[in-house]
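Engineer: Numbering (the working numbering), first residue to last: 11 to 308. Yeah, the Cβ is synthetic: ideal placement off N, Cα and C, and Gly gets one too. Quick one: the structure is below, and I'll ask about it shortly.
Structural data, given as structure tokens:
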């Protein structure tokens with residue numbers, strides 16, 4: 011793909027839903043704001059050893075005053091480094107490092123068996139861990155490499171979600187935030203596996219809410235942040251900050267975002283305008299994935 015002729019804000023504007031777009035944290039999504047306080051909450055973040063999970067989401071929840079941050083990932087050394095960074099920012103926040111491959115069913119089940127012993131409840135699950143391979147066109151890529159994204163992004167998200175719901179019990183009023191991608195809404199041949207797996211991630215929240223309407227679920231596009239997963243072709247568009255992703259994630263976990271339950275949003279969109287348009291969004295069923303048309307027998 012050659013995007014060299016496009017402006018650096020092209021992808022944010024291509025999926026623009028609000029008048030204003032943001033690329034860095036702003037007052038309404040400042041995690042240190044009392045309005046977004048997560049005081050007393052126990053929060054589990056996957057993919058917390060690096061990138062968005064470590065430098066954006068986990069640190070932002072720490073600034074929001076959460077009680078316990080469970081940091082899940084595959085690299086123990088990096089998870090411990092993330093915990094150390096959190097202690098500098100928020101010394102009173104308790105961190106709990108859990109080494110787990112979310113695509114491994116046995117590891118996930120064993121992790122949650124241990125978590126059940128430590129916590130009677132976990133309030134928020136942020137499914138941030140993900141894979142973003144398959145850089146070649148569909149007709150060229152090896153099938154096993156193409157499928158790997160589904161193992162992590164779909165199976166991994168499912169396993170974590172399933173065990174999280176089981177730990178909290180039936181009819182629990184908990185929150186699940188899936189870090190997905192706008193790629194799910196677009197068709198780039200080189201991102202076919204990634205895009206399809208992220209689309210499945212978005213739809214998974216519908217099944218969760220169908221089984222338990224009390225669960226709040228959200229799908230969040232993190233924008234384009236410069237991480238080790240960022241494809242080379244997209245690096246020049248990496249304008250979004252870790253702080254923005256973290257701040258918007260904390261906002262979704264707050265009561266201010268209740269109306270966005272079961273919906274998709276981008277970190278670039280203005281949360282203030284989303285709140286202003288709340289009635290329009292809810293009454294018209296906006297920001298949900300579905301097939302448009304008139305169906306059924308008349």
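Residues in its own chain within less than 8 Å of residue 42 by CB, not counting five upstream and five downstream?
Structural biologist: Here the set comprises 73 and 74.
Engineer: Measuring CA to CA, which of 307, 149, 83 and 120 is closest to residue 138?
Structural biologist: Comparing Cα positions, the closest option is 83.
Engineer: If contact is defined by three or more beta carbon pairs under 8 Å, each pair taking one atom from either stretch, is the region 266 to 281 in contact with the region 167 to 177?
Structural biologist: Cβ pair count under 8 Å is below three, so no.
Engineer: Round the Cβ separation of residue 310 and residue 57 to the nearest angstrom and send it over; I've been treating them as touching at under 8 Å.
Structural biologist: Summary: the structure shown does not reach residue 310, with the chain confined to residues 11 through 308, and so no result is reported for it.
Engineer: Over the uninterrupted beta strand (DSSP E) stretch that includes residue 273, give me the two end residues.
Structural biologist: Note, residue 273: beta strand (DSSP E), 273 to 276.
Engineer: Suppose the cutoff is 8 Å on Cβ atoms and the five residues either side in sequence are ignored; what does the same chain contact list for residue 222 look like?
Structural biologist: The answer, listed in chain order, is 175, 180, 181 and 182.
Engineer: At the level of alpha carbons, what is the spacing between residue 99 and residue 40?
Structural biologist: So the two alpha carbons sit approximately 14 Å from each other.
Engineer: Does residue 243 come out as helix, strand or coil in the three-state DSSP assignment?
Structural biologist: DSSP places residue 243 in helix when its eight states are reduced to three.
Engineer: Confirm, please, whether the CB-CB distance from residue 213 to residue 173 is below 8 Å.
Structural biologist: For residue 173 and residue 213, no; Cβs fall outside 8 Å.
Engineer: With distances taken from CA atoms, which of 299, 22 and 205 is nearest residue 228?
Structural biologist: Nearest option by C-alpha distance: 299.
Engineer: Determine, using beta-carbon pairs with one atom in the region 146 to 153 and one in the region 102 to 118, whether at least three such pairs fall under 8 Å.
Structural biologist: Contact between the region 146 to 153 and the region 102 to 118 is absent, because fewer than three Cβ pairs lie under 8 Å.
Engineer: Going by DSSP, name the residue or residues bridged to residue 75.
Structural biologist: According to DSSP, residue 75 bridges with nothing at all.
Engineer: If you follow the beta strand (DSSP E) that residue 106 is part of, which residue opens it and which one closes it?
Structural biologist: Here the beta strand (DSSP E) through residue 106 covers 104 to 109.
Engineer: Reducing DSSP to helix, strand and coil, say where residue 162 ends up.
Structural biologist: If DSSP states are grouped into helix, strand and coil, residue 162 belongs with the helices.
Engineer: Give a yes or no on whether the C-beta atoms belonging to residue 112 and residue 78 are separated by under 8 Å.
Structural biologist: For residue 112 and residue 78, no; Cβs fall outside 8 Å.
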